[in-house]
Each structure stands twice: as C-alpha cells, then as structure tokens.
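K.L.:
Protein sequence lines correspond, in order, to chains A and B.
Under the working numbering, the first sequence has 334 at position 302, and the numbering climbs by one with no breaks.
Under the working numbering, the second sequence has 62 at position 68, and the numbering climbs by one with no breaks.
Next up is a structure, given as structure tokens.
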Amino acid sequence: MVRKLPAKDVVIVGLGWTGSIMAYELADAGLDVMAIERGPWRNTATDHPPGYAADELRYRIRHELFLRPEQTTFTFRNKMSQTALPIRTWGAFMPPNGVGGGGVHWNAETWRFLPTDFVLRTHLTQRYGAGFLPDDMTIQDWGVTYDDLEPHYDRFEYLCGTSGQAGNVKGQIVEGGNPFEGPRSRHYPNPPQDQPFGATLFAKAARDLGYKPFPQPSGNMSRAYQNPLGVRLGPCTFCGFCEWFGCGNYSKATPQTTILPVLLRKPNFAARDNSEVTRINLDASGKRATGVTFVDTGGNEWEQPADLVILSAYTIFNVQLLLLSGIGKPYDPVGNSGVIGRNFTHQTISDVVSFFDPAKFAFNPFIASGSIGMCIDEFNGDNFDHGPHGFVGGGYMGQVQTNGRPIETAPVPPGTPRWGAQWKKAVKENYQSALKPGTGVHGSMYSYRDVYVDLDPTYKDRFGRPLARMTIDFHDNELKQNAFLTDKFAEIFQAMGARQIVKEYRKGPYDVTKYQTTHLCGGAIMGTDPGTSALNRYLQSWDVPNLFVTGASAFPQNPGYNPTGTVAALAYWAADAIRNRYLKNPGQLINA
Amino acid sequence: MRKGPTIAVVLIALGASTGPGASADLQDFAAVERGRYLANAADCGSCHTIPGSEHPFSGGRPIETPFGVLAAPNITPDRETGIGSWTNNEFDAAVRRGISRNGARLYPAMPFPYYTRMSREDVADIRAYLNTIAPVHNAVQVNRLPFPFNLRAAMIVWDRLYFTPGEFHDDVSKSKEWNRGAYLAQGPAHCGACHTPKTVLGGDKPSEALRGYMLQGWTAPDITSGQGPLRNWSVDDIAEYLKAGHNKNAAAAGLMGEVVDLSTSKMTDQDTRAIATYLKGVTGMAPGSSATADKADKDVTAAGGAIFQDLCSACHQQDGKGVANMFPNLSEAATTSTQDPATVLRVILQGAQSVATDREPTGPAMPAFGWQLDDAQLAAVASYVRGRFGKNAPAVSADQVRKARAALTARTD
C-alpha cells in the first residue's frame, strides 16, 4: 500500500550538487522543500575522516562510495544490432550514490565551457559548412549562451572557492590564464594551487612550443576560504586522495562543505536518505506532475505530493525515470523521432605515459590534488582550425598530478614483465621519474543518431522495472580527434626531455570496463525545439511544465571539459528562472 | 510553529492558572520578550528540555552531578506537573533562593547560587515568558540521588556554607559594559557553575573563580586571563567565541557547544562583548604553574609527533595553529593545557562535533581516533600536543588513556 505524505511545495529527486543548489535556492525563496536521496547521508568527520579516508583499496579498488550494481544497474551494448547485457561491476564511469552525490568523490576540476560550445551546430556550420559534419552527428545548440550562464558560473565558483588563474576578465586577456576562455566578470575567488615539479616542467615545455599553459581551475582550496553563504573550507594538504574519495579535511568543495550546513539550518528544508524514487506521478492529463513515489529500505512505498518536481539524479537515472514515468516521447533512432534518450554521450579520454631519467628527475607524484596541474586549451572545442584535419571537437590536455597512490601508480616501460623481480625493479626505478597525468587528453564526445538510452527489453530491477539500456560506441570523428590530440600532447612530454613515451590512444569499440570519467551526458537534453529536445532553455520539461531536470543529462553533446561547472551553472540558471519567472506565473516558460 | 488549537489550549490553561499571586500580564509584550531573552541567557532550556524534544521546558533531562543523577523538572505552565499553579513569589523563591514551593531545598544543580544575582523583575519576566509556552503534562521524578544525598534537609547546611543570596550590584568604579558583563556572567549565564572549582561538597571555591572544573566527563577549562589560558585572547575573541561558537583560537563542542547553541549565540553582540569584557578582567595563574608539569620522554614525544603529523596536521596544521574559525589553534585553545586531560582525551578518542551557529554555520567536526590508536599511541599524541603546544600541561600516561576510554565507554552521551 502506498502511504501518502503531506504535500510539499517542491520535491527534489537526488541530493547531489544540483539537488543541493536547487534545494537551497528554492528554500531561500520561501518554498517548503523535501529532497529524497537514494543513498546514505555522508559527513566529513564520520564518513571520511583522515584516519581512513586515504584507503586506496577500500575506495578506489572496491568502490565504496558508489552505487552498488546489486541495487540497480543498466545494460550496455555498442551497436543497435547487439543484445545488451547488464553491467555488474562499474568500469567506464562510477554512478554516485548518497548525499553529496558525485560532488563527494570528484577531483574538483571546475571548468567553464567555451562560448562556442553552446552554439556548436550553428558555429561549426558557419565556419566549415554543413557538409563538414558527419551525416549521423546530431549535435545541437543548447538554447542557452555563455553570456546567459556567466553570472551562474561565477556564483558556483564563489560558492566553491575555486582556485585558479583567470585568462579573460571582462574581455581583457590576463597573462597566465586560459586565453581561450569566455570573458568572466571577475577573478577566481582563490589563487591557483601551488604546482608540483612535473606540471612546472610541462608548462615550460608548452610555452616553448608556443602554447599558453595555465593552472587547472580547482575546487581544492589553495588557502582557507569562507564562501558567500558563510561556510568555511580549509586549505588543501596535497594528499592526493580526491577522486574516488571523500576529503578528510574540508578542503574540497562538495555539497557538504559549501551548501548543506546552511541548507540544514533552514526550517523549510527536509531530506530523506536511503529512499529510492521509483516514479514521477502525473495527473490524468499527463501534463502535470503531482509528486513522486519512493521506496524506503524497509520496502515501504510512499507518495510525496508536490507542486514542483526537480529531477536531479545522475544522468542515466534522470533519463530512466522520465522513461518509466511516461514523460516525453521516447527517442526512436530508427524513425529519428522522440526525445527522451537521444544525444547520449560520454567522453574521449586518452593519456601519455612518459619515462624520464631517474638520475635527473624526481616528480614526487604523491604531492597531488584532484586538479593541480598545468593545462593547455589550444586543441579544445573550435580553438584551432579543424579544416585540414577532417574531424570536429577537441579537449584540454594537461599534466595534472592527481595522485601517486601505491596500488595504481606503478608505471613501467613497455616490455617489462607483469610481475616478479624484474617488475618490482622497474616499478622502483620509475615511480619517481615517470609521469602519468591524472588528466591527460580530456576530449569531447559529440552526439550521434545511434548513441542513446532506452529501456531494456529483457532485464529488470528489483521492482520489476526495465533497466536503462545504453547503446554507445566511438565514431570515427572522435577516434581521429583523439589520435590528433594525443600526438600533440606527446610532443610536449618529448620537449620536456622524456626518454621514452607511451601513447595510450583511445580506441574503439567503446569499452565499458575501462575507466574514462563519470561524465555521462545527454538523454534528456535542453534545446529550442520540442521535437529534438526534452527540456527548454530553463531545464523545464516541454511536456510537464512543473518538472525541471538538472544535471549533465541536459547536455546536447559533451565538450572537452569536465562538466561540473556547467552542470552547476545550469542549476543556478534554472533556479533563477523558477524564482523570478515560474513562481510568478507557473506554467510553460517558453512558447515553442 | 504552534497551530491554532494549541493556542486555545494555552490560553485556557493560563486563564485557569491566574491565581492571586500570579500577576503576570499575558499581554505585557515587553516583559515576555525580556523574559525570553533572559531564559536563553540563563540557558533554562539546556536542562529543562530533553535535547531534540518537541516539548520545550517539559523537563526530564537527567543532570549528572558528582553525587548522582537528578532530573530537571517540568517548568511549562501545566498546572499538575509543571509550574502553572505557582505564584510569582513561589517561582522567585525557587529561582533566586533555591526553595521549592513546598518549602524543600533545591539541589544546586539548579544554579540558584548564580540566579540569586538576578533582579526580582528579571525573574518575573522569565516567568512571564514561561507562562506563554505550551503546557505539557509530564510528571518528572526529579530526585534520583542515592542515600544520603537524596535527603534534601542536608541542603540547609549546604546553603549555609556555600550560598550567598543577594542581587548583583554595580561596581561604580567599573564601566557600564563591565557591570553588564559581570551581571550576566555571575547571574543568569552562571559561567562559574561549570568553570569554577568546587569543594568536596560541590560548593564553589570563590577564591579560584573560573579556574576550571570537571563535570559530566569534560574538563571545563580555566577561562581566566592574566597569566591564565585566555591571556592571548582579546575581548573581541571571547565575544566572537560566545556569539559564533568559533574564533581564531578555538571551537565550542560538547557541553560548551550546547551553551553556545542554546544560550550565548542568542545574546546580542553587546551582551557577549560585555561578558567578554568582564572575563578579561578575571585574572588567573599560569596553567600548571602550581605543579611541575611532567614531560613525556623523548621516544614518546617522537612517536606522538609522528602520529600528529600523520593524523592531526591536515586540519590543525603542522604548527598547531589550525585554521581560524574552523580548526582550533592548539596553543591558544584553553582545553589543551588543562591539568586534567579529560577533554583532550575525550576529543581524540570520540571526536567532537563543533557547534554550528547562524554566525558560523560550518560546524566542522573532529573525527574519532579511539578506534585507531591504542592507549600508548593516544597517550603519545596527547602528550606531544600538550607538550609542544600547551602551556605547562602535564604529559598523559597510557594508563590515563585506558581509564578515560573505559569511562567514555560507560557513558551514554
């Protein structure tokens, strides 16, 4: 029996970064907000104290912070002609679970996308002609521009205390920053983190090659910081346990260290953890959400009625919940119709491992944080002429020293035995003098007609609901892009004086067992045309106007950066639209 | 938020309670407001409300004393189980003289030796405020002390020894601010109830005011200036600590966290500053100066330093200075150097949740290390911290850690 709870103004599905931002903004507007989170509550001191936060086996190898596939998973295949099978161990990406979501275990790379990224199809068509794009590439403009989002990027960076060097303040290029970035209204709130030796060498070599290297913008604190909400963060200690881990000393920007302390003080906010939303409920018209249904760990089913529903779960669960709730027309790749599930993307990552003379180089790879490093942006987006190369897209690349953790960090030259005395000798010899960037080439993945999410015809979850099925493969465009970028990246290590370089190109087919990033994108994308997008430019559902869907599921394609800055900026943008427009006149904000 | 029907109940109950002596005017807004402010300043809710309860002031919270456990009574306006049928005179006698309505003596867990410094009007205002809260029917068995402490008649002798009745009078040689602070600290805020050393019978030692005491498994540290632990704190530092629960030196947790949460954070900035001004005038001796501080041997210090580097320095920094308003400065936090290491050991063993306030909402927490460090390791790091950062603080032995661990295991809080 479903038990009905007292109605709320707002129900939020998932209390990660965007759930927390929306909850704060809407509670701040005076609304009565309930957030429902599938996973457990997490606090710094009780859940990842310094005494065991740095446990590589527990968190990196055994995936303690992530969703357990036993609870729910999805099925995977490369091609539409194949039969998808359920993923039983996470590999290519790590679905978050629990309060704080991916914000707990991210590296805290805090980027803005390029202005042209938001008008991608228009821009590329204008510059190269429509014929330059592959026929089956389905990239779109976002319906929102960089200028629209700038104030919201700014809010997130000041919330997080982002450490970085501006490259463009109000149109003025600033030496030492990224000259390709869109104009920002002011500098970062904190200076960049100090750079380790390897990054310094990389920057020098990059400069010598004519590039403009800059520090990676980081949500790890270069100094103690108090954000505009009054919440404080401590300085980063360069321990090198960021991604996959919770930060033990309040140094990494997470919902816990930036928003939740003030959100929890609001009497009009409440949250339920360990409760999985199974459905967004609609009224008889199908045009209005009436709330959500969720199940607690006791197996009890509850209905939480609400006037406004914010869907802010992880990308693929956003898409699955829309499909299971009958909201929006499911995407059909054969007929090229429908919207829910289309333009699904991931990332095109590769790396270069370089071996230096141990007698001359000691890089101390353990002096690390999730995003200290020097990057270049010459090969990102459309920052270079793609004409001669026959592909579109790109990515940033950098010597980012995320960790020297003992289990993972054992780079040895090709030809070394995989075990035994020779292997040990090689590990010992190269540990200090090899560079394997935590972020190497961070390439874009553009969208295609045959890369999408739908409901699996065979496999079901414990409630009998179909699992989400992902159909995804690399296309030639991305593989060409990656080969070009990886070669460019390797040239810089060559210039640094590496005596041996191993290029780890990204190759097809898409492998769901090899970690890339957790940046699954798309499937419930924003746009200007209800025929090709699930959401309008304010992340509002075209079909159910009292439903807003946040997160990277709104990206029409994935640019060559980490997504969190844009995910958060979009959440602030949507919250602003709700506060200043929707609440005054609830209904569809865009007449399309 | 109180709902309509409840308000009706309140009014009926109050109407019924208005006896000959109960003169509070329910519409005296100014008195009710003053009373609410003073009830916070006097921290009535800390004892008379079970933490997290939806029924403020309905009593029942166990109060641990060196002589056994008492439970705070119900002080809602309920006529049968609360104080709804008490006259203002009866209320005043209890609060300021420690004499209950039936003539029995109150135990000094009720800090009437401090509240006696309040004026009659202030206490009447507290009563006026308490009259406006929801009556709750909750009979509390107050006296849970063992024999012979359960005999209240003994309190007649105690009162003669330790209780000096009388309102606070301004010292005309001092500033207005000092006098306000002295009134608050000696009266409603009853700082000395925890921070002043006690005799074996639990009476204050007035000559050692605010030089620290042990209670409920915590060391309430010496909070004197002069040569005392707060010698490097400015008036603003103390005021900020009281208002925000944090300053550049320390963070309030445990019982003091509760005091900040329920009481001092709700005071005006002028009042926390007034208390700070008064406290800065209370001079004490150098910590541990009366005892030759035992130093840990070299190997223990080396081990403690290694543990500190590994587990503590990420937040407290390698120089122990911490991060302002987040992680305490171990050299300036009063708890580092207490003669009795109870708080230091408790915080390392169990961790500590600092208070979150409107002024400082972060509320960072120290993780527990009791699961990870054995008695010798914990003694080593505690000795290292006290030796390197503390002021003449004696080293801690493994045996002290063993006992502290056992005592904490036996505690329920």
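Note that the Cβ used here is the ideal one computed from N, Cα and C, for glycine as well.
Within its chain, find whatever has a CB closer than 6 Å to the CB of A/Lys535; leave out the 5 residues flanking it on each side and keep chain order.
P.N.:
For the purposes of this step, residue 535 of chain A is taken as the residue at position 503 of the first sequence. Within the same chain, A/Lys535 has close Cβ partners Val384, Thr518 and Ala522.
K.L.:
Below 8 Å, can you find three or more Cβ-Cβ pairs linking the stretch 425 to 435 of chain A to the stretch 461 to 478 of chain A?
P.N.:
Taking 8 Å as the limit for Cβ pairs, the verdict is that the stretch 461 to 478 of chain A does touch the stretch 425 to 435 of chain A.
K.L.:
What did DSSP end up calling B/Trp212 once you bin it into helix, strand or coil?
P.N.:
Here residue 212 of chain B refers to the residue found at position 218 when the second sequence is read from its first residue. B/Trp212 falls in the strand class under three-state DSSP.
K.L.:
At a Cβ threshold of 8 Å, is A/Ala256 touching chain B?
P.N.:
Numbered from its first residue, the first sequence carries residue 256 of chain A at position 224. A/Ala256 counts as touching chain B.
K.L.:
Taking a cut of 7 Å between CB atoms, which residues from the stretch 280 to 299 of chain A lie near chain B?
P.N.:
So the list reads Gly280, Asn281, Tyr282, Pro293, Val294 and Arg297, given in the order they occur along the chain.
K.L.:
Given this structure, state the Cα-to-Cα distance separating B/Leu256 from A/Leu47, to the nearest angstrom.
P.N.:
If you number the second sequence from 1, residue 256 of chain B lands on position 262. If you number the first sequence from 1, residue 47 of chain A lands on position 15. Roughly 29 Å between the two C-alpha positions.
K.L.:
Please classify A/Leu63 as buried or exposed, where buried requires at least 16 other C-beta atoms within 10 Å of its C-beta.
P.N.:
Working through the first sequence from its first residue, we reach residue 63 of chain A at position 31. Taking a 10 Å sphere around the C-beta of A/Leu63, we find 16 or more other C-beta atoms and assign the residue as buried.
K.L.:
Just the chain B side, please: which residues come within less than 7 Å of A/Arg264 by C-beta, in chain order?
P.N.:
For the purposes of this step, residue 264 of chain A is taken as residue 232 along the first sequence, with counting starting at 1. Asn319, Met320 and Thr356, listed in chain order.
K.L.:
If contacts are defined as beta-carbon pairs under 8 Å, then B/Lys260 and B/Ala389 qualify, I think. What distance do you get, rounded to the angstrom?
P.N.:
Locating residue 260 of chain B in the second sequence gives position 266, where the first residue counts as 1. Locating residue 389 of chain B in the second sequence gives position 395, where the first residue counts as 1. Their Cβ separation, rounded to whole angstroms, is 39 Å, which puts B/Lys260 and B/Ala389 out of contact at 8 Å.
K.L.:
Quick one: what's got a C-beta closer than 6 Å to A/Thr286's C-beta in the same chain, skipping five residues either side?
P.N.:
Reading the first sequence from its first residue, position 254 is the one you call residue 286 of chain A. Listed in chain order, the non-local C-beta contacts of A/Thr286 below 6 Å within the same chain comprise Gly132, Gly135 and Val136, local neighbours out to five positions each way being set aside.
K.L.:
Taking just the CA atoms, how far does A/Lys319 sit from A/Met112?
P.N.:
By one-based count along the first sequence, residue 112 of chain A stands at place 80. By one-based count along the first sequence, residue 319 of chain A stands at place 287. So the alpha carbons of these two residues sit roughly 32 Å apart.
K.L.:
So for A/Arg450, helix, strand or coil by DSSP?
P.N.:
One-based indexing of the first sequence puts residue 450 of chain A at position 418. Note: A/Arg450 maps to coil in three-state DSSP.
K.L.:
Touching or not, the stretch 44 to 58 of chain A and the stretch 289 to 297 of chain A, by the rule of three or more beta carbon pairs under 8 Å?
P.N.:
yes
K.L.:
May I ask you to list, following chain order, the residues of the stretch 337 to 357 of chain B that have a beta carbon less than 8 Å from some beta carbon of chain A?
P.N.:
Gly345, Gln347, Ala350, Asp352, Arg353, Glu354, Pro355, Thr356 and Gly357
K.L.:
Using the C-alpha atoms, what's the distance from A/Tyr542 back to A/Gln548?
P.N.:
The residue you call residue 548 of chain A lines up with position 516 of the first sequence. The residue you call residue 542 of chain A lines up with position 510 of the first sequence. Rounded to the nearest angstrom, the two C-alpha atoms are 10 Å apart.
K.L.:
Under the assumption that B/Arg387 contacts B/Gly211 (Cβ atoms under 8 Å), give the Cβ distance between them as a whole number of angstroms.
P.N.:
Translated into the one-based positions of the second sequence, residue 387 of chain B becomes position 393. Translated into the one-based positions of the second sequence, residue 211 of chain B becomes position 217. What sits at residue 387 of chain B in the sequence shown is Ala, not Arg. B/Ala387 to B/Gly211, Cβ: 19 Å. No contact.
K.L.:
Taking Cβ positions, are A/Gly554 and A/Thr377 nearer each other than 8 Å?
P.N.:
On the first sequence, residue 554 of chain A is found 522 positions in, with the first residue counted as 1. On the first sequence, residue 377 of chain A is found 345 positions in, with the first residue counted as 1. Against a cut-off of 8 Å, the Cβ pair of A/Thr377 and A/Gly554 comes out as a contact.
K.L.:
Per DSSP, what kind of secondary structure is B/Tyr409 in: helix, strand or coil?
P.N.:
Coverage of chain B is limited to positions -5 through 407, which leaves residue 409 of chain B absent and any answer about it impossible.
K.L.:
Give me the DSSP bridge partner(s) of A/Asp486.
P.N.:
Here residue 486 of chain A corresponds to residue number 454 of the first sequence, with the count starting at 1. Its beta-bridge partners are A/Arg501.
K.L.:
Buried or exposed for B/Phe451, going by 16 or more other Cβ atoms inside 10 Å?
P.N.:
Since the first residue shown for chain B is -5 and the last is 407, residue 451 of chain B is missing from the structure and cannot be characterised.
K.L.:
Are the CB atoms of B/Ala328 and B/Asp216 within a distance shorter than 8 Å?
P.N.:
As a first step, residue 216 of chain B must be located in the second sequence, where it is residue number 222. As a first step, residue 328 of chain B must be located in the second sequence, where it is residue number 334. Yes.
K.L.:
Against chain B, which members of the stretch 71 to 90 of chain A pass a CB distance test of less than 8 Å?
P.N.:
Asn75, Thr76, Ala77, Thr78, Pro81, Pro82, Gly83 and Tyr84
K.L.:
Starting from the beta carbon of A/Thr269, find every residue of chain B whose beta carbon is closer than 7 Å, and list them in chain order.
P.N.:
One-based indexing of the first sequence puts residue 269 of chain A at position 237. Chain B residues near A/Thr269: Ala308.
K.L.:
Which whole-angstrom value is the C-beta distance of B/Leu305 and A/Pro82, which I expect to be below 8 Å?
P.N.:
The residue you call residue 305 of chain B lines up with position 311 of the second sequence. The residue you call residue 82 of chain A lines up with position 50 of the first sequence. About 6 Å separates the CB atoms of B/Leu305 and A/Pro82; that is less than 8 Å, so the two are in contact.
K.L.:
With 16 as the cutoff for other CB atoms within 10 Å, does B/Phe23 come out buried or exposed?
P.N.:
Counting from 1 along the second sequence, the entry for residue 23 of chain B is found at position 29. B/Phe23 comes out exposed.
K.L.:
Counting only Cβ-Cβ distances shorter than 7 Å, please list the residues of the stretch 357 to 386 of chain B near chain A, keeping chain order.
P.N.:
Gly357, Pro358, Ala359, Met360, Pro361, Phe363 and Gln366
K.L.:
Can you find the residues in the same chain that come closer than 8 Å, C-beta to C-beta, to A/Ser357, ignoring five residues on each side of it along the sequence?
P.N.:
Taking the first residue of the first sequence as 1, we reach residue 357 of chain A at position 325. Arg311, Ile312, Asn313 and Leu314.
K.L.:
So, with DSSP's three-state summary, where would you put A/Thr471?
P.N.:
Walking along the first sequence from the start, residue 471 of chain A turns up at place 439. When DSSP states are grouped into helix, strand and coil, A/Thr471 belongs to the strand group.
K.L.:
Put B/Ser47 into one of helix, strand or coil per three-state DSSP.
P.N.:
Stepping through the second sequence from its first residue, residue 47 of chain B is reached at position 53. The answer is coil: DSSP assigns B/Ser47 none of H, G, I, E or B.
K.L.:
With a Cβ-Cβ cutoff of 8 Å, do A/Ala116 and A/Arg494 count as a contact?
P.N.:
Taking the first sequence and counting its residues from 1, the one referred to as residue 116 of chain A is at position 84. Taking the first sequence and counting its residues from 1, the one referred to as residue 494 of chain A is at position 462. Contact: no.
K.L.:
Can you give the beta carbon distance from A/Asn350 to A/Thr329, rounded, assuming they're within the 8 Å contact cut?
P.N.:
Reading the first sequence from its first residue, position 318 is the one you call residue 350 of chain A. Reading the first sequence from its first residue, position 297 is the one you call residue 329 of chain A. In fact, because the Cβ distance is near 22 Å, the residues do not count as touching under 8 Å.
K.L.:
Could you name the residues that DSSP lists as bridge partners for A/Phe587?
P.N.:
Sequence index remark: in the first sequence, residue 587 of chain A carries index 555 (1-based). According to DSSP, which records beta bridges pairwise, A/Phe587 is partnered with nothing at all.
K.L.:
So, under 8 Å CB-CB, A/Gly559 and A/Asp505 are touching, yes? Tell me the CB distance rounded to an integer number of Å.
P.N.:
In the first sequence, the residue the question calls residue 559 of chain A occupies position 527. In the first sequence, the residue the question calls residue 505 of chain A occupies position 473. Contact doesn't hold; Cβ gap of about 24 Å is too wide.
K.L.:
Could you tell me which residues DSSP pairs with B/Pro182 in its beta bridges?
P.N.:
Sequence index remark: in the second sequence, residue 182 of chain B carries index 188 (1-based). Note: B/Pro182 sits in no beta bridge, so no partner.
K.L.:
Quick one: residues in its chain with C-beta nearer than 7 Å to the C-beta of B/Tyr207, no 5 flanking neighbours on either side, listed in chain order?
P.N.:
For the purposes of this step, residue 207 of chain B is taken as the residue at position 213 of the second sequence. The answer, listed in chain order, is Cys188, His189, Thr190, Pro191, Lys192 and Ala214.
K.L.:
Using beta-carbon positions only, say whether A/Gln513 and A/Gly619 come within less than 8 Å of one another.
P.N.:
Taking the first residue of the first sequence as 1, we reach residue 513 of chain A at position 481. Taking the first residue of the first sequence as 1, we reach residue 619 of chain A at position 587. Cβ atoms of A/Gln513 and A/Gly619: not closer than 8 Å.
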